[in-house]
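Trainee:
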Amino acid sequence: MQTNMNQLDQIKLNLDACVGKKIKLKANKGRKKIVEAEGILENTYPNIFVIKLDKSSAIKRLSYTYADILTETVELTIDNNRIGTVGL
């Protein structure tokens, strides 16, 4: 078993511990389009995670990869703590 975890594995573990919690999302969609939303971290999968948005939005669910957090395309905030690459 590998003792050193890479950053993507660490991000996944951080999100695994937060499933079911309220989350704030800020995503860069390109061409100066920034999406900001609130929802609940619904589930994590080996390569993606799913956020169920609050009822005020027309879109019900959004999914992103852990690499989106690593590259800072997506910023997640849970309980005023930013999930991602702290210390880079």
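Each residue of the sequence shown is one higher than the one before, starting from 4 at the first, in the working numbering. Note that CB positions come from ideal geometry on N, CA and C, so glycine has one too. Predicted model only: the values in this text are computed from it and were never measured.
Gly33: buried (16+ other C-beta within 10 angstroms of its C-beta) or exposed?
Mentor: When all chains shown are included, Gly33 counts as exposed.
Trainee: Would you kindly work out how many angstroms separate the C-alpha atoms of Leu18 and Lys63, rounded to a whole number?
Mentor: Rounded to the nearest whole angstrom, the CA to CA distance from Leu18 to Lys63 is 20 Å.
Trainee: Quick check: what's the CA-CA separation for Gly23 versus Leu16?
Mentor: Approximately 14 Å, taken between the alpha carbons.
Trainee: Excluding the 5 residues preceding and the 5 following Glu75 in the sequence, name in chain order all residues of the same chain whose CB lies nearer than 6 Å to its CB.
Mentor: none
Trainee: Identify, in the order they occur along the chain, each residue of the same chain with its Cβ nearer than 6 Å to the Cβ of Lys35, setting aside the five sequence neighbours on each side.
Mentor: none
Trainee: Is the beta carbon of Ile43 less than 8 Å from the beta carbon of Lys25?
Mentor: yes
Trainee: Looking at the strands, I want to know which residues DSSP matches up with Glu78.
Mentor: Lys29
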